[in-house]
Each structure stands twice: as structure tokens, then as C-alpha cells.
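Q:
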Amino acid sequence: MDNKKLAADKIKNAIMDIQEYIGNGEYNGDNPPIYLLTATLAIKALENQIPIKPNLEGDGYDNEGNLIYGTWLCPNCDAHYEIDYDDYNYCPICGQKVDLSDIN
Ligand SMILES: [Zn+2]
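Under my numbering, the sequence shown has 35 at position 22, and the numbering climbs by one with no breaks.
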């Protein structure tokens with residue numbers, strides 16, 4: 014098993030552990046208990062650590078007619094970044110881990 018999949022599996026297991034603790038996480042009241050707010054934030058933060066491939070946008074064609082991609086979009090917040098220039102492991106806006114292996 015490759016390391017990326019192993020890391021993602023560990024994160025998914027941690028999320029499941031938290032979900033098991035909070036049940037369905039639903040609370041019908043004005044002031045949800047602090048543990049529920051904290052657990053929900055923790056799940057969101059953990060989900061952001063699982064890398065997702067970005068969406069790509071083409072901006073022209075090469076001499077053989079192949080689409081050239083110039084922009085990648087964060088899969089979580091749709092922020093636009095320039096390929097070959099904005100080389101991030103995490104989206105600077107929302108913190109989503111991105112897998113740019115297809116475009117590097
Ligand atoms: Zn983002």
C-alpha cells in the first residue's frame with residue numbers, strides 16, 4: 014500500500030472514531046454542547062487533510078491540438094491558481110490539501 018493511501022486511511026479512521034463518539038452529530042437547540050462544535054470542527058479539519066485532485070481549466074492548444082491547462086481550481090472552494098506558478102500542497106484560502114501530481 015502506498016504512503017498517500019495509508020495516510021488518507023488513518024485520517025478516515027480518525028474521522029470515524031469522532032463520528033462514533035458524537036453519534037449523528039445532530040442537536041436541535043440554540044446552544045449545542047461545546048464537545049459537538051469541537052468535534053465538528055475537528056472532522057472538517059481532518060477532511061481537509063485528505064488530498065484531492067484539483068479541477069483543471071484549459072487555456073489553449075499546443076501544435077498537436079492537445080488542450081493546454083493553465084489553471085487549477087481548489088476542489089473545496091474553487092479558488093483559481095496558475096499551473097507552474099501556484100505550486101501549493103494546501104489551498105492558501107481554505108486549507109484543503111491538494112494533489113497536484115497530475116500537473117507536475
Ligand atoms: Zn480552497
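Beta carbons: idealized from backbone N, C-alpha and C, even for Gly.
Per DSSP, what kind of secondary structure is M34 in: helix, strand or coil?
A: A small fix is needed here, since residue 34 is Tyr in this sequence, not Met. DSSP places Y34 in helix when its eight states are reduced to three.
Q: Let me know if I106 comes out buried or exposed under the rule of 16 or more other beta-carbons within 10 Å of its beta-carbon.
A: Exposed, by the Cβ-count rule.
Q: Which stretch, first to last residue, makes up the beta strand (DSSP E) that contains G95?
A: Per the sequence shown, residue 95 should be read as Glu rather than Gly. Element bounds for E95: 93–95.
Q: For A55, which residues from the same chain have a beta carbon less than 7 Å from its beta carbon, with the 5 sequence-adjacent residues on both sides left out?
A: Counting only Cβ-Cβ distances below 7 Å, and skipping sequence neighbours, we find I31.
Q: My assumption, with CB atoms under 8 Å, is that Q109 sits in contact with I65. Please give the rounded CB distance.
A: The Cβ separation is near 7 Å, so the contact holds.
Q: Would P67 be called buried (16 or more neighbouring beta carbons within 10 Å of its own) or exposed?
A: By the neighbour-count rule (16 or more Cβ atoms within 10 Å), P67 is buried.
Q: Quick check: N117 and V111, are their CB atoms within less than 8 Å of each other?
A: Contact: no.
Q: From which residue to which residue does the alpha helix (DSSP H) around N120 run?
A: The structure shown does not extend to residue 120, since the chain is modelled only from 14 to 117, so the question has no answer here.
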